[in-house]
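Reading through the structure tokens given below for one structure.
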Amino acid sequence: MPEVEQKSRKKTAQATRRRLLDAADQLSRTVGPARLSLEAVATEAGVSKGGLLYHFPSKHHLLRALVDDHVQGMRDEMQRLAPGCFDADRGPEQALVGARAYLQMMQDLLRRTEGYASGVFAALAEDPHFITPLLEFRADVRALFQRCPAPDLAAVVHLACEGLVHRRLTAPEDWDETEAEARFATLRGMLA
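Read left to right, the sequence shown gives residues 16 to 207 (the numbering used here).
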């Protein structure tokens, strides 16, 4: 098979996989993971069920990929905002840049996504092992904040950010965007 044709097929496969993950995220938010069907995901993505099964042989694989994709997206965004921020050998100033990037990323996520990533969090309810990549990411973020110049203050900032995320997820009806903007500004100021 010519190299150009292989690249084209790979791009098509990646685009199909992306559509399937986006459809699964959207549907798991609206119907919940327990009632999520592979047929509904395939239909929502405009893909045959066989096409879906090529990428994800079961609902379990699809939901696991949804969680992995979300966590990888957060890691990628952190690297975009603060390259090398998770490198343990970087100094406190680079950790501070990473901590600020984390606050910005979380603020952006909370601002633009209704209920944050509720599709992903709904998927976590399906299998307790799905949470492993998220816990690993959180441990990396915690270590990042601990490497900041004032680690105790940075830990308080991190915990306050986690509290804002928790509030958004558990009490979306109480979420006030203006108040959240002010809280994130305060947290960024504490890291100055």
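Glycine residues also receive a C-beta, built at the ideal position from the N, C-alpha and C atoms.
| Check | Outcome |
| --- | --- |
| Taking DSSP as the reference, what is the three-state secondary structure of Ala30? | helix |
| For Gly204, which of Gln161, Phe136, Val112 and Asp142 has the nearest alpha-carbon? | Val112 |
| What's the call for Gln29, buried or exposed, on a 16-neighbour Cβ count within 10 Å? | exposed |
| Taking His181 as the reference, give the member of Gln122, Met93 and Cys100 with the closest Cα. | Gln122 |
| Quick one: is Ser43 buried, meaning 16 or more other Cβ sit within 10 Å of its Cβ, or exposed? | buried |
| What is the DSSP secondary structure of Leu81, counted as helix, strand or coil? | helix |
| Rank Ala186, Phe160, Ala207 and Asp142 by C-alpha distance to the C-alpha of Leu81 and give the top, closest one. | Asp142 |
| DSSP three-state call for Val56: helix, strand or coil? | helix |
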